[in-house]
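Protein chains in written order, with our numbering: chain A, 1 to 112; chain B, 1001 to 1114.
Quick reminder that beta carbons are idealized off the backbone N, C-alpha and C, glycines included.
None of these values were measured; they are calculated from a predicted model.
In what follows, a single structure is set out as structure tokens and then discussed.
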Amino acid sequence: DVVMTQSPLSLPVILGQPASISCRSSQSLVHSDGNTYFNWFQQRPGQSPRRLIYKVSNRDPGVPDRFSGSGSGTDFTLKISRVEAEDVGFYYCMQGTHWPWTFGQGTKVEIK
Amino acid sequence: QVQLVQSGAEVKKPGTSVKVSCKASGYTFISYGISWVRQAPGQGLEWMGWISASNGMTNYPQNLQGRVTMTTDTSTSTAYMELRSLRSDDTAVYYCARALGDYWGQGTLVTVSS
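Put into structure tokens, the structure is as follows:
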């Protein structure tokens, strides 16, 4: 199985400051069809997960442009340009290239 | 608008089975697969499998093979996830999601307790 390793696991942030989460996969996430099925999800307290980013760098509809995704192959990053209070929660990376699909352990973002 | 509405909370005894439903609306059901994801209390997300809504093809992780079955009813645009031989560590919130997670259900709490 592809292992997804996130860092850090806990991220205290200052409102208005940038934040960054890294995710590394144990093997390349480039699919045979040429796409990289790598996603980022946000889970606010008490809510269902919400997808923020699909195929590495594409924002889902309604996702604020302060969220951006980048990376390739095995190394990926989620950046928040200016953290807002509503960004508190857990963030998970997920790969959908190889069966079984797998999630990272999650990163807890909290306000410092 | 796309919605996935799941069935209500369940309390089950160890060794029994649970079947969770996920009714889709707002899109053409057979055009997307359905994923199932669970989250144990205080833990992260675990992918449980995927089913094609067009042909019923499934893919399950090895750790759930033989215990989980995913099905769909295209006449009612509903997906189902059945988990058998329940254990206490199956206690979790179970989510359905469209395809690679662009829409999610509200979650169904399944508690396994004697």
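Query                                                                                                                                                                           : Result
With a threshold of 8 angstroms on Cβ separation, who are the neighbours of A1097(B) within its own chain once the five nearest residues in sequence on each side are excluded? : L1004, I1034, S1035, W1036, V1037, Y1103, W1104, G1105
Which term fits L9(A), buried or exposed, when burial requires 16 or more other beta carbons within 10 angstroms of its beta carbon?                                            : exposed
Using the C-alpha atoms, what's the distance from C1022(B) back to A1078(B)?                                                                                                    : The question names Ala, but residue 1078(B) is Thr in the sequence shown. Near 5 angstroms, if we compare the C-alpha coordinates of C1022(B) and T1078(B).
Mind checking if F76(A) is an interface residue toward chain B, Cβ cutoff 7 angstroms exclusive?                                                                                : no
Return the residues of the region 1089 to 1113 of chain B that lie within a Cβ-Cβ distance of less than 9 angstroms from chain A, sorted by chain order.                        : V1093, Y1095, A1097, A1099, L1100, G1101, D1102, Y1103, W1104, G1105, Q1106, G1107
Could you tell me whether the region 73 to 83 of chain A touches the region 96 to 103 of chain A, using the rule of 3 or more Cβ pairs below 8 angstroms?                       : no
When you compare only the Cα positions, how much space is there between R1067(B) and R1087(B)?                                                                                  : 11 angstroms
Whose Cβ in chain B lies nearer than 9 angstroms to the Cβ of Y92(A)?                                                                                                           : G1044, L1045
So is R24(A) in contact with chain B if we call contact Cβ pairs under 7 angstroms?                                                                                             : no
Distance cutoff 7 angstroms, beta carbons only. Does Y1061(B) sit that close to anything in chain A?                                                                            : What sits at residue 1061(B) in the sequence shown is Pro, not Tyr. Chain A, which has a Cβ nearer than 7 angstroms to the Cβ of P1061(B), makes this yes.
What did DSSP end up calling S1113(B) once you bin it into helix, strand or coil?                                                                                               : coil
For a contact defined as C-beta to C-beta under 9 angstroms, what are the partners of F103(A) on chain B?                                                                       : V1037, G1044, L1045, E1046, W1047
What three-state label does DSSP hand E84(A) in the structure shown?                                                                                                            : coil
Just to check my reading of the structure: I53(A) and G69(A) have Cβ atoms closer than 8 angstroms, yes? What is that Cβ distance to the nearest angstrom?                      : 4 angstroms
So does the region 37 to 45 of chain A actually touch the region 84 to 94 of chain A, counting three or more Cβ pairs closer than 8 angstroms?                                  : yes
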